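Asker:
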Amino acid sequence: MSAVSPVHRGVITTRRWPRVLKPGHGVEIGLRVTDILVLILGGHLAHTATAGGALPAGTGVCVMATALLALVLFPAAGLYQPRRLMRLAEQMPRLGAAWVTVLAGALLAVFLVDPLALPPREWLVVWLGLTFFLLAGSRIAAAAWMERARRRGLLAWHVAVVGSGPWGREAARRLEHERRDIRVVGYLDLPGARAAADVEVGLRQLLTTQSVDHVAIALDPADLDHVPELLDLLRDFPFEVGVLPAMSPATVPTLGHRRLGDLTSFTCLQKPIDGWAWLGKSAFDRLVAATALIFLLPLLGLIAAAIKLTSPGPILFKQKRLGFNQQPVDVFKFRSMYSDRCDRHNAPEVQHATRNDPRVTPVGRFIRRTSLDELPQLLNVLRGDMSLVGPRPHAVAHDEYYATLIDGYLGRHRAKPGITGWAQVNGCRGEIHTIEDMRRRIELDLFYIDNWSLWFDFRILVRTALICFRDQQAY
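Residues 48 to 522, numbered by my numbering, are exactly what the sequence shown covers, in order.
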């Protein structure tokens, strides 16, 4: 069974969220944008130097055609690959050839459409040389920044190694040797005489206190029987998991592979909601949360005034919950209970609210029934602690209790917690009566994580809006 790492030990002090793009891809995106701006700027500067005044419409069409063509041909020429960016001696001839090809292609397109729209020869010569100078300068700056970032470990892929025997130690040593591209953030030894469960506490401690991108399993051939146990345990975490085999992993199901230095890691588990999907979901969450806060400001003010005028105590109630990767977050709600009867944030036991609960104030009863007490969690969404849609965060005491009873319970922390979720719109709200009630919630939460899409989020938000005023299980 699973176990929750104590909250005071489960805080990542460096990078809290996963790296959703590969190291160096931020530089690639920045260069793509910079190249287009440089082409346009170079055209204006060339015209200022040769003729002065505003750029003529015909010449502007040539500039825009060149920029559009560069969007296709520059990537095809390999001008944005991080490793090639570091090799300027190779990059510059490639850049020159690509720039001449793009310009020639744009001029050919303009000639075929309207030969009279071709720009002046003097402008073309100045634009060709000036733009190449600017493009080369941007790459020299990018290479210098990447070199400095590599020395500081900012572009390193963070790897945690679970190993055994001579091969485990050798794999960790070889990965550590690739200091600029890979940083080994921890090594956990799994001796052949012990089961995977024997190192569960140490593994959870490592993965909840370090910024991890990839978990590499490097077991001696005699210990490969432990791989299924380790994979079952690692399903609770939002990390890519791979096997570094001393021999071919014919008995291990693989989803692909990744190069880690001079080793090949065969991927067995993948991150949920990764890469551009993570960025898209985060942007959607923050945009909708900011818009909702603006439009709901009068309603929020009325609720706050009602709470303050009808019972003593603070307007907002803050409680510690476990969020993404079991990291503690402070979740905000409108206070719906009398302040002297609220559960303490660090209480070892937290009582579920029940029907006609005497702890709930009259105003609190209304806002709980209509889910208006959850609106301050829009602030959590803006902070990045929560999403609009995701597994609902439970009290830490409940996490610690149910994690020991339900296999896969902690897998719900592979995604950010949400204000609403797939479980909530399928009737799983309110009081937990049996272990099967909680098991049903976990099944729905895990289904959401494994099948996420923006359209799925939109459907859940619409269903939430339709049921929040008529859900009889919220009290």
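From the three backbone atoms N, C-alpha and C, an ideal C-beta is built for every residue, glycine too.
None of these values were measured; they are calculated from a predicted model.
Helix, strand or coil for M193? Go by DSSP, reduced to three states.
Answerer: Here M193 sits in helix by DSSP.
Asker: For a test of the three-state rule: what should DSSP assign to Y522, helix, strand or coil?
Answerer: Annotation note: pLDDT 47 at Y522 (below 50); position unreliable, coordinate value reported separately. Three-state result, Y522: coil.
Asker: Is it true that the CB of T417 sits closer than 8 Å to the CB of S358?
Answerer: Not closer than 8 Å, so no.
Asker: Can you give the Cα-Cα distance for F286 and P345, rounded to whole angstroms?
Answerer: Spanning the two alpha carbons is a distance of roughly 41 Å.
Asker: DSSP puts L235 in a beta bridge; with which residues?
Answerer: In the DSSP output, where bridge partners are listed per residue, L235 has V209.
Asker: Please report the distance separating the alpha-carbon of G143 from that of L115.
Answerer: So the two alpha carbons sit approximately 17 Å from each other.
Asker: Kindly indicate which three-state DSSP category M384 falls into: helix, strand or coil?
Answerer: Three-state DSSP puts M384 in a strand.
Asker: Which residue or residues does DSSP assign as beta-bridge partners of P375?
Answerer: In DSSP, P375 forms a bridge with L369.
Asker: Should V288 be labelled buried (16 or more other beta-carbon atoms within 10 Å of its own) or exposed?
Answerer: Result: buried.
Asker: Quick check on the DSSP output: the beta strand (DSSP E) that includes L310 runs from which residue to which?
Answerer: Segment L310 to L316, the beta strand (DSSP E) holding L310.
Asker: Quick one: residues in its chain with C-beta nearer than 8 Å to the C-beta of A240, no 5 flanking neighbours on either side, listed in chain order?
Answerer: At A240 the pLDDT is 47, less than 50, meaning the model places this residue with poor confidence; the figure from the coordinates comes in the next sentence. Taken in chain order, the list of residues that qualify is empty.
Asker: Taking the alpha-carbon positions, what's the F381 to D321 distance?
Answerer: When rounded, the distance between both Cα atoms is 32 Å.
Asker: Quick check on this structure: which residue in V110, R141 and V108 has the alpha carbon closest to the alpha carbon of A124?
Answerer: Closest option to A124, Cα to Cα, is R141.
Asker: If you check the beta carbons only, do R461 and P319 fall under 8 Å apart?
Answerer: Yes.
Asker: Determine the closest residue to V262 out of L154, W146, L175 and F313, with distance taken between C-alpha atoms.
Answerer: Ranking the options by Cα distance to V262, first place goes to F313.
Asker: What does a CB cutoff of less than 8 Å around H55 pick up in its chain, not counting 5 residues either side in sequence?
Answerer: With a pLDDT of 42 at H55, under the threshold of 50, the predicted position of this residue should be treated as unreliable, and no value is reported.
Asker: Quick check on DSSP: helix, strand or coil for S185?
Answerer: Correct three-state label for S185: helix.
Asker: Rounded to whole angstroms, what is the Cα-Cα separation between I187 and P464?
Answerer: Answer to the nearest angstrom: the Cα atoms are 42 Å apart.
Asker: Given a cut-off of 8 Å on the beta-carbon distance, is the pair V85 and T178 in contact?
Answerer: In contact: V85 and T178 (Cβ atoms closer than 8 Å).
Asker: Can Q257 and V290 be called in contact, C-beta distance under 8 Å?
Answerer: No.
Asker: Spatial neighbours of E194 within its chain, please: C-beta separation below 8 Å, excluding the five flanking residues on both sides.
Answerer: Answer for E194: M133, listed in chain order.
Asker: Use the C-beta contact count for W323: other C-beta atoms within 10 angstroms, 16 or more gives buried, fewer gives exposed.
Answerer: So W323 counts as exposed.
Asker: Just mark F158 as buried or exposed, buried being the case when its beta carbon has 16 or more other beta carbons within 10 Å.
Answerer: Classification for F158: exposed.
Asker: Is DSSP giving M286 helix, strand or coil here?
Answerer: The amino acid occupying residue 286 in the given sequence is Phe; Met does not appear at that position. Here F286 sits in coil by DSSP.
Asker: Between the alpha carbons of A450 and W146, how many angstroms are there, rounded?
Answerer: In a straight line, the C-alpha of A450 is about 58 Å away from that of W146.
Asker: Taking a contact to mean a Cβ-Cβ separation below 8 Å, would you say L369 touches V443 in this structure?
Answerer: Result yes, Cβ atoms of L369 and V443 sit closer than 8 Å.
Asker: In chain order, what are the residue ranges of uninterrupted alpha helix (DSSP H) at least 4 long that sit wholly in the region 404-475?
Answerer: Listed in chain order, the complete alpha helix (DSSP H) runs (minimum 4 residues) inside the region 404-475 are 409-416, 424-430 and 443-449.
Asker: Do you know offhand how far E169's Cα is from T97's?
Answerer: In a straight line, the C-alpha of E169 is about 7 Å away from that of T97.
Asker: Is the distance from the Cβ of V274 to the Cβ of L266 below 8 Å?
Answerer: It is a contact, given that the beta carbons lie within the stated cut-off.
Asker: Using a 10 Å radius around the Cβ and a threshold of 16 neighbouring Cβ atoms, would you call N372 buried or exposed?
Answerer: With 16 or more Cβ atoms within 10 Å of its Cβ, N372 is classed as buried.
Asker: Within a Cβ cutoff of 7 Å, which residues of the same chain sit near P423, ignoring the five residues on either side of it in sequence?
Answerer: Correct list, in chain order: L363, F379, K380 and F381.
Asker: Per DSSP, what kind of secondary structure is A101 in: helix, strand or coil?
Answerer: Three-state result, A101: coil.
Asker: Looking at the secondary structure, which residues open and close the alpha helix (DSSP H) in which V274 lies?
Answerer: Taken as a continuous stretch (DSSP letters only), the alpha helix (DSSP H) holding V274 covers V274 to L281.
Asker: Cutting at 7 Å between CB atoms, please list the residues of its own chain near I414, excluding the five before and the five after it.
Answerer: Contacts found: I350, F381, S383 and D420.
Asker: I'd like to know whether the C-beta atoms of S211 and D332 end up nearer to each other than 8 Å.
Answerer: Contact flag unset, no.
Asker: In terms of residue numbering, what span does the alpha helix (DSSP H) encompassing I482 cover?
Answerer: Taken as a continuous stretch (DSSP letters only), the alpha helix (DSSP H) holding I482 covers I482 to D497.
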